[in-house]
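Student:
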Amino acid sequence: AEEVGGGDKEVVREYFNNSGFQRWKKIYGDTDEVNRVQRDIRLGHAKTVENTLNMLKDEGSLQGVTVCDAGCGTGSLSIPLAKEGAVVFASDISAAMVAEAEKQSKEQLVASENGSAPVMPKFAVKDLESLDGKYDTVICLDVLIHYPQSKADGMIAHLASLANNRLILSFAPKTFYYDLLKRVGELFPGPSKATRAYLHAEADVERALKKVGWTIRKKGLITTQFYFARLIEAVPM
Ligand code: SAM
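Residues in the sequence shown are numbered consecutively from 4, following this note's numbering.
(1) Considering Cα atoms alone, identify which of Asn21, Leu184 and Lys213 is closest to Met100.
(2) In angstroms with no decimal places, state the Cα-to-Cα distance between Lys109 and Asp33.
(3) Considering only heavy atoms of the ligand SAM, does any lie closer than 7 Å to the CB of Ser22?
(4) Beta-carbon within less than 8 Å of Val128's beta-carbon, same chain only, minus the 5 sequence neighbours each way: which residues are those?
(5) Determine which residues share a DSSP beta bridge with Ile225 and list them.
(6) Would you tell me roughly how many angstroms separate the C-alpha atoms of Ala232 and Ala175, rounded to the nearest one?
(7) Under 7 Å from any heavy atom of the ligand SAM, does the C-beta of Ala93 make it?
(8) Cβ-heavy atom distance between Tyr31 and the ligand SAM below 7 Å?
(9) Near Ala1, which residues of its chain fall below 6 Å by C-beta distance, leaving aside the five closest residues on each side in sequence?
(10) Which of the three DSSP states is assigned to Tyr18 in this structure?
(11) Give me, in chain order, the residues of the same chain whose beta-carbon lies closer than 8 Å to that of Trp217; leave out the 5 immediate sequence neighbours on both sides.
(12) Should Ser79 be listed as close to the ligand SAM, given that the test is whether its C-beta is under 7 Å from any heavy atom?
(13) Quick one: using the 10 Å Cβ neighbour count with 16 as the cut-off for buried, is Leu183 buried or exposed?
(14) Can you name, in chain order, every residue of its own chain whose Cβ lies under 6 Å from the Cβ of Ala4, other than the five neighbours on each side?
(15) Which of the three DSSP states, helix, strand or coil, is assigned to Ser153?
(16) Is Gly78 buried or exposed, if buried means 16 or more other CB atoms sit within 10 Å of its CB?
(17) Mind checking which residues open and close the beta strand (DSSP E) that includes Arg169?
(18) In chain order, which continuous runs of the alpha helix (DSSP H) of length 4 or greater are located wholly inside the region 90-140?
(19) Along the alpha helix (DSSP H) that carries Asp43, what are the first and last residues, could you check?
(20) Could you give the residue range of the alpha helix (DSSP H) that holds Ala211?
(21) Cβ atoms of Tyr138 and Val215: under 8 Å apart, would you say?
(22) Can you grab the Cα-Cα spacing for the pair Ser195 / Arg26, in whole Å?
(23) With a threshold of 7 Å, establish whether the CB of Val15 neighbours any heavy atom of the ligand SAM.
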């Protein structure tokens, strides 16, 4: 697999272990300490997670299905997946994120009334380039934004190589409207400006998948005022 250029990846790791961790933990959490923009992003992201779960469940029960959640963050997807009976392997480049995801799993994945407890996700601090093994499904939500298109191809190829049946990805689509918003954003950088963000054209992602023999089967678009994500499900051709 192709590596994200040393510099970039170190910056991303450092950010998500420190200020980025604090910022995104708030956004992905449920407390009131978020501003209007963060609340909007929280809503958009929650929709992405919900759409992902629906895409998965459309194809049948998740009971016993093995899922790799690459770049799991605070566990927003891993936890509901485990509740659905999936066998989840969750990892993130940030140790802080993984610790938080693990903590939240312990709090939220408790035994139900009939006494059956969901299987806890297995967690690891790992960048996705060093993931290996095979899973029924590989999912990578809102991580591509940290990859320029030149590195995204290798990242997509690697994730596809880990998946037997399907790969679900979300990314910020490179459309005129969103490009414009981003430019406006760059004119008014807030105090907690994220690391550099990369947008991706759907055609580029589709081409990267095609190169390794995968094709897009389903897609969705999630938009709120400040959050834009293209969600795709790919399968082997
Ligand atoms: N997928 C989660 C979700 O949707 O709730 C988290 C999304 S968050 C915007 C991006 C996450 O990707 C961060 O937790 C960050 O640490 C992780 N990340 C960034 N680059 C990564 C890499 N190369 N390998 C693994 N994780 C990475």
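Just so it is clear, CB atoms sit at the ideal spot from N, CA and C, and this is done for glycine as well.
Tutor: Considering the structure as presented:
(1) Asn21
(2) 17 Å
(3) no
(4) Here the set comprises Ser94, Asp95, Ile96, Ser97, Ala98 and Val101.
(5) Ala232
(6) 5 Å
(7) Taken from the Cβ of Ala93, every heavy atom of the ligand SAM lies 7 Å or farther away.
(8) yes
(9) Any question about residue 1 goes unanswered here, given that the chain covers just 4 to 240.
(10) helix
(11) Ala163, Leu170, Ala237, Val238, Pro239 and Met240
(12) Short note on Ser79: C-beta closer than 7 Å to some heavy atom of the ligand SAM.
(13) By the neighbour-count criterion, in which 16 or more other beta carbons inside 10 Å mark a residue as buried, Leu183 falls on the exposed side.
(14) Bear in mind that the predicted position of Ala4 carries a pLDDT of just 36, short of 50, making it unreliable; the figure below should be weighed with that in mind. If we look at Ala4 and ignore the five residues flanking it on each side, its Cβ neighbours are Glu132, Gly157 and His161.
(15) Ser153: helix per DSSP, three-state reduction.
(16) By the neighbour-count rule (16 or more Cβ atoms within 10 Å), Gly78 is buried.
(17) Looking at the DSSP string, the run of the beta strand (DSSP E) that includes Arg169 is Ala166 to Phe174.
(18) Taking only runs of at least 4 residues, the alpha helix (DSSP H) segments lying wholly in the region 90-140 are 98-111.
(19) Arg39 to Asp61
(20) Glu205 to Lys214
(21) Cβ atoms of Val215 and Tyr138: not closer than 8 Å.
(22) For Ser195, the predicted model reports a pLDDT of 48, less than 50, meaning its position is unreliable; a value from the coordinates is still stated below. Roughly 8 Å between the two C-alpha positions.
(23) yes
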